[in-house]
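These protein sequence lines are chains W and H, in that order. For the first sequence, the numbering used here begins at 1149 and goes up steadily by one. For the second sequence, the numbering used here begins at 254 and goes up steadily by one. Every residue, glycine too, gets a C-beta built ideally from N, C-alpha and C. Just so it is clear, the structure is predicted and the values come from calculations on it, not from any experiment. Everything on this sheet refers to the single structure shown next.
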Amino acid sequence: MNCGIFREMIGSYVDETLEEGRRHWFRTHLRECPTCRESALREEPSLLFAMAPAAPGEPEEIEACAVAVMGRIRQDRLESRLHRRRRPWLAVAAAAALVISGGIAWRTMVGGGSGTLQPVVEARRDAELQSSPPTVEVEMAGEEVRVYQFANEADSDTAVYFIVDPALEL
Amino acid sequence: MVKENLCVQSVAHISHRRPQQEAGEICGVSFGSRGEVVMNDLQWIQSAKNGDEDAYAKLVRRHSGGLHRTVARILADDTEAWDVVQMAFLKAWQKLDRYNPRYSFTTWLYRIGTNLAIDLLRSRTSRERAHKAGTEHRLRLVGTGEGAGARADSNETDNVLQQLVGVLTPQQRSAFVLREMEGLETAEVAEVLGCSATTVRNHIFQARKALRRELRVRFPEYLPASERG
Ligand SMILES: [Zn+2]
């Protein structure tokens, strides 16, 4: 009885005119009834693909995927926090650069007298302080890690980060 | 955007009145009813939106297997498919604020994953395609009397597709895999691919025609005995 109905439905299935509920029944019968499968494939060989398995995937591969995705998400979050932390320091560096260029401009304007040297020296002292790599330490309570940032104001594009587990620190 | 949302809503409606979850459906999970699955997804998504990464990890564990199966069939490449799945979940996380919980998470996720797969297919060089075609291997002949397709190991269906899928365009591949192999409804496929139901049907017709031809030429052993030349 079911087999007869199934065979009458083959054409409509291929024509994409079967209502979704009947289509679902057709696909189930195709998987379960070898006789109908035989005749269905004779009529339409591409029905072979309607029997594709619905394997859920290997648990190890799924776990590895979850670990990789969550690792990337955490890494992205750390990076975005570091970017936010870095900005105040960039402002300080910009201010230091202003002090230096301001000092030089003042010296140029006033001329080469001996009395003009003092501010330049002060500015250079500021510059020396700023050129030693500043360290920004970020505590991430939720992560249980501490992040150190080493950067140089002469190269605003480069910074080195160390993400450290405090328990392992000396 | 409004049009898209309307479409998703109709998908959700259709899904609810489906009598029974078909094995191989979009979720790829064995839950008692579709309603239960959707409910848990929504709870986890809400938690994830509030920053609960464990909740998002649960979503990844639930849906990565099914998404991988689909993407692997579209790409005909198991390993590359895992890269796409990871990328899809990352992208989904980044766009989670824009996800509307009234609609199916799986449809949204599959849309992201399928788009990535299609982009990857388009970016593959002709050299890679030639390599794929050259590595064709013959599948074992099953029986002589009864049609092999009748007893084909189910994994072999995937092997056959892997050999033949190169004759289809990225859109045809995606539509055929989602509709014929994963068992999605036309409206769901349309939503995933971002096209009309008519376009989906057209992709299916073209794909079926090309696969039928290729099967007869390259895999006659999968046809019933009376079909083999
Ligand atoms: Zn039957």
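Three-way DSSP call (helix, strand, coil) for residue i in this model
i	result
glutamate 389/H	For glutamate 389/H, the predicted structure reports a pLDDT of 43, less than 50, and the residue's modelled location is therefore unreliable. The matter cannot be settled from this model.
phenylalanine 472/H	coil
aspartate 1224/W	helix
asparagine 1150/W	helix
asparagine 293/H	helix
cysteine 1184/W	helix
serine 1160/W	helix
leucine 1095/W	Here chain W has residues from 1149 to 1318 only, and residue 1095/W is not among them.
tyrosine 356/H	coil
asparagine 368/H	helix
glutamate 1211/W	helix
tyrosine 363/H	helix
alanine 301/H	helix
alanine 1271/W	Its pLDDT being 46, under 50, alanine 1271/W is placed unreliably by the model, and nothing is read from it.
threonine 1176/W	helix
glutamate 1168/W	helix
alanine 1216/W	helix
arginine 351/H	helix
arginine 377/H	coil
Run of the alpha helix (DSSP H) containing residue i, from where it starts to where it stops
i	result
threonine 332/H	331–347
phenylalanine 1197/W	Per DSSP, phenylalanine 1197/W belongs to no alpha helix (DSSP H) and is neither H nor E.
threonine 323/H	306–328
Cβ-based neighbour list, residue i, same chain, cut-off 6 Å, excluding 5 preceding and 5 following
i	result
arginine 1179/W	Met1199
isoleucine 327/H	Ala370, Arg426, Ser427 and Val430
asparagine 1150/W	none
valine 418/H	Ala329 and Arg426
Other residues of its chain near residue i: CB distance less than 7 Å, five sequence neighbours each side excluded
i	result
lysine 450/H	Reading the sequence as shown, one finds alanine at residue 450/H and not lysine. Cβ within range, chain order: Thr439, Ala440 and Ala443.
proline 423/H	Ile371, Leu374 and Arg375
aspartate 411/H	Arg326
alanine 445/H	A quick correction: the sequence has valine, not alanine, at residue 445/H. Counting only Cβ-Cβ distances below 7 Å, and skipping sequence neighbours, we find Thr360, Tyr363, Arg364, Thr367 and Leu431.
phenylalanine 1174/W	Phe1154, Met1157, Tyr1161 and Leu1166
glutamate 1192/W	Ile1158 and Val1162
valine 420/H	Ala463 and Glu467
leucine 320/H	Val338, Ala341, Leu362, Tyr363 and Gly366
serine 1187/W	Arg1155
aspartate 331/H	Ala325
serine 1319/W	The structure shown does not extend to residue 1319/W, since chain W is modelled only from 1149 to 1318, so the question has no answer here.
Same chain, Cβ closer than 8 Å to residue i, neighbours up to 5 away in sequence not counted
i	result
glycine 1260/W	Confidence at glycine 1260/W is low in this model, with a pLDDT of 45, below 50, so its placement is unreliable and no value can be given for it.
cysteine 1181/W	Asn1150, Cys1151 and Phe1154
isoleucine 1221/W	none
cysteine 1145/W	In the structure displayed, chain W extends from 1149 to 1318; residue 1145/W sits before or after that span and is not available.
valine 313/H	Phe342
Taking 7 Å as the limit, tell me which residues put their C-beta closer than that to any heavy atom of ligand 1, in chain order. Asn1150/W, Cys1151/W, Phe1154/W, His1177/W, Cys1181/W, Thr1183/W and Cys1184/W
Ranges of the beta strand (DSSP E) found wholly within the stretch 407–469 of chain H, counting only runs of at least 3: none
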